[in-house]
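Here the protein sequences line up with chains A and B, keeping their order.
Under numbering that gives the first Met the number 0, the residues of the first sequence are numbered 0 to 312, in order.
Under numbering that gives the first Met the number 0, the residues of the second sequence are numbered 0 to 312, in order.
Where a beta carbon is used, it is the ideal one built from N, C-alpha and C, also for glycine.
In this text, all values refer to a predicted model and were calculated from it rather than measured experimentally.
First the structure, in the form of structure tokens, and then the observations on it.
There are 2 protein chains.
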Amino acid sequence: MRENSFLAELREILAPGDASVKVGCGPDDCAHLEADGRRLAASTDALAEGVHFASGAHPGEVAYKSLAASVSDLAASACRARWALVSLALSREAAPGWAIRFAEGLAGAAAELEVAVVGGDTISSPGGIFVSVTVLGEPLAGGPILRRGAKPGDLLVVTGALGGSLLGRHLHPRPRSREIRLLMDFCREFTPGRFPSAGLDISDGLALDLSRLCRESGVGAELYADCLPLSPDALKAAEKSGLSPLRHALSDGEDFELLLSLPPEVWEEFRRREAGSADFTAVGKITGDGRLVLREADGRSRPLEIRGYEHQW
Amino acid sequence: MRENSFLAELREILAPGDASVKVGCGPDDCAHLEADGRRLAASTDALAEGVHFASGAHPGEVAYKSLAASVSDLAASACRARWALVSLALSREAAPGWAIRFAEGLAGAAAELEVAVVGGDTISSPGGIFVSVTVLGEPLAGGPILRRGAKPGDLLVVTGALGGSLLGRHLHPRPRSREIRLLMDFCREFTPGRFPSAGLDISDGLALDLSRLCRESGVGAELYADCLPLSPDALKAAEKSGLSPLRHALSDGEDFELLLSLPPEVWEEFRRREAGSADFTAVGKITGDGRLVLREADGRSRPLEIRGYEHQW
């Protein structure tokens, strides 16, 4: 059973009928709540020893990754992360040394990511280590952004450079909180009423995550092969794997880069005024025909192969 | 290492310096946050297979207990639970049947406990099953109530009847959301400005949890042995264990009953107007001398023995 189909099942069983729930269980990584006119965003990520991190991983690294994953979910929906609650299940052999180093790493991560750790639970585990982090926050002005909402004609932009994160970048991936704040602040000031129309973070590879955004928005997309910002790691990974750097940029996950769709006039204005001050690249556009297409440098198009990381049970 | 000492350690490392954090990591089970004048309560509970539930436990029961534990934390601090996020780590052998029955049980529990499940994460576990639930909510008028705040002269009251929950009640313990709402509503109407001064839920036994409330409030307490509401299960448990029913009422955990301190005039007014309509019993009073005392039926006092369930690593 694939995680996707289980989540779909859960969603059907748990479909919330509560008016305060603007966006609940899936398809978005982040829930959006509203009560008494005030909005709240919440996202949970869980990690298991032997699945998401190796048994020898540094506890501080595990703490950073678990917190960063949820902070990235909030950034992707144009929300500011503020508070975190952390569950830690720990085997008798690992505690207490592991726990202390985890807590120290968590404190450092919280400071770096500008989140306050406000609660949690610690339990003993008969097996491996398990971490679950819930991050709470608030939409930035113009937010939240969801997976649905992309419109034909919108441009697709990504932050940073893609591919090869498993060569090391995945150990300390940086959520793009600063970048999304810069973009949303820009829109509020210079293109009032016009904000990014949809977005998510590229956790399972650009192609797979783009297909999710398009499915939820009911649109298609065209990616321009020669516009994709290739990370230096994508080139190194390609040397090792024998695959192309482009293929790594399209399919490698664990990057936390953002994929956003936005009206072309917003992008033009942003490029004109903010050129060089932010790390965004246009990589394609949204189309109306529902197909996912890769346009090669020579102008020819072919269907985009949807490869990426799907968690298996 | 005992859970208590680890949490104390964590608290020191993670001491939040954020003005929005009114109550953060410990000693309370619930975090209290405030931003733009609006208040938020959040609590997390984690359960592990083989520690908090048996491998053969019904998935729906596990779902109920994990959600109820956090809802009870909010009730104990006079907050209304509204939303939940749920992490589930599941072994390949258990999924997907286990997951579906868990989700169905969770949907039922959410309806019963009046909470909307709005998000979560599902991952594969190389070992046993783990569940982590974060519940979000808002303080009732007059809330939140913390572990600190009890004053000498305050009365101690509990909900329900105590002891012997392991005979079966612990499988479906009922958070006292309705009772705390009734009491807070009463105070708002009839004793304005006077609310319960401190409280918590009795998860690890009355004696141990009372000692926690007293420590945080910097006070002592006297319990009246012949006032403790003994559950019928406390009598049955005593027959089996050879211990006294009183001892079971003082030391058995997993009950989710509430322990509250409140000004005596609030209690008098509440008893006068609401007699019989709510399930509260006065069991003792707060004292100024820092000692914990049990007063027997014959008037003699002896030190209260602090026995209860402390999670061990």
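Check, Outcome
"Presumed contact (8 Å Cβ cut-off) between Gly59/A and Gly118/A, rounded CB distance", "Not a contact, Cβ separation roughly 20 Å."
"N-terminal and C-terminal residue of the alpha helix (DSSP H) that Gly59/A is part of", "58–75"
"Segment contact, 8 Å Cβ cut-off, at least three pairs: the stretch 72–88 of chain B with the stretch 36–47 of chain A", "yes"
"Burial state of Asp288/B (16 or more Cβ within 10 Å)", "exposed"
"Beta-carbon proximity check, Leu229/B vs Gly162/B, cutoff 7 Å", "yes"
"Inside the stretch 76–161 of chain B only - beta strand (DSSP E) runs reaching at least 3 residues", "78–89, 115–123, 129–138, 154–158"
"Touching by the beta-carbon criterion (3+ pairs, under 8 Å), the stretch 239–250 of chain B and the stretch 204–211 of chain B", "yes"
"Boundaries of the beta strand (DSSP E) in which Val282/B is found, first to last residue", "279–286"
"CB contact check: Pro125/B to chain A, cutoff 7 Å", "yes"
"Beta strand (DSSP E) runs wholly inside the stretch 17–41 of chain A, at least 3 long, in chain order", "20–22, 30–34"
"Assumed close pair Asp153/B, Ala74/B - CB separation to whole angstroms, cut-off 8 Å", "Rounded, the Cβ-Cβ distance is 19 Å, inconsistent with contact."
"Closer than 7 Å to chain A by CB, Leu32/B", "yes"
"Span separating the alpha-carbon of Leu13/A from that of Val20/A", "12 Å"
"Any 3 or more C-beta pairs closer than 8 Å across the stretch 211–227 of chain A and the stretch 275–286 of chain A", "yes"
"Interface partners of Ala224/A on chain B, CB under 7 Å", "Chain B residues near Ala224/A: none, gap ~33 Å exceeds 7 Å."
"Residues bridged to Phe52/B (per DSSP)", "Glu48/B"
"Boundaries (first-last residue) of the beta strand (DSSP E) holding Arg294/A", "291–294"
"Reduced DSSP category for Asp203/B - H, G, I as helix; E, B as strand; rest coil", "coil"
"Where Ser260/A sits in the DSSP three-state scheme", "strand"
"Pairwise C-alpha distance: Glu178/A and Gly159/A", "10 Å"
"For Pro302/A: DSSP bridge partner residues", "Val292/A"
"Burial state of His51/B, where buried means 16 or more other Cβ atoms lie within 10 Å", "buried"
"At least three beta-carbon pairs within less than 8 Å, the stretch 262–282 of chain B to the stretch 182–201 of chain B", "yes"
"Outcome for Asp254/A when other beta-carbon atoms lying within 10 angstroms are tallied against a minimum of 16", "buried"
"Neighbour flag for Ala67/A against chain B, beta carbons, 7 Å", "no"
"Proximity winner among Ser131/A, Ser123/A, Arg81/A, relative to Ser123/B (alpha-carbon distances)", "Ser131/A"
"Min CB distance Arg314/A to chain B below 7 Å", "The question about residue 314/A has no answer, for chain A in this structure spans 0 to 312."
"Rounded straight-line distance, which links the Cα of Lys64/B to that of Arg173/B", "9 Å"
"Residues that DSSP places opposite Glu221/B in a beta bridge", "Lys284/B, Val292/B"
"Assigned secondary structure, Leu166/B (DSSP; H/G/I helix, E/B strand, else coil)", "helix"
"Contact belief for Gly318/B with Leu259/B at Cβ below 8 Å, rounded distance in angstroms", "Nothing about residue 318/B can be read from this structure; chain B reaches only from 0 to 312."
"Below-7 Å beta-carbon distance, Ala47/B vs any chain A residue", "yes"
"Short CB-CB distance (under 7 Å) between Val50/B and chain A", "yes"
"Within-7 Å CB hit, Asp288/A to chain B", "no"
"Members of the stretch 86–116 of chain A near chain B, C-beta cut-off 8 Å", "Ser86, Leu87, Ala88, Leu89, Arg91, Ala94, Pro95, Ala98, Ile99, Ala102, Glu103, Leu105, Ala106, Ala109, Ala115, Val116"
"Contacting positions in the stretch 19–30 of chain B - beta carbon closer than 9 Å to chain A", "Ser19, Val20, Val22, Gly23, Cys24, Gly25, Asp27, Asp28, Cys29, Ala30"
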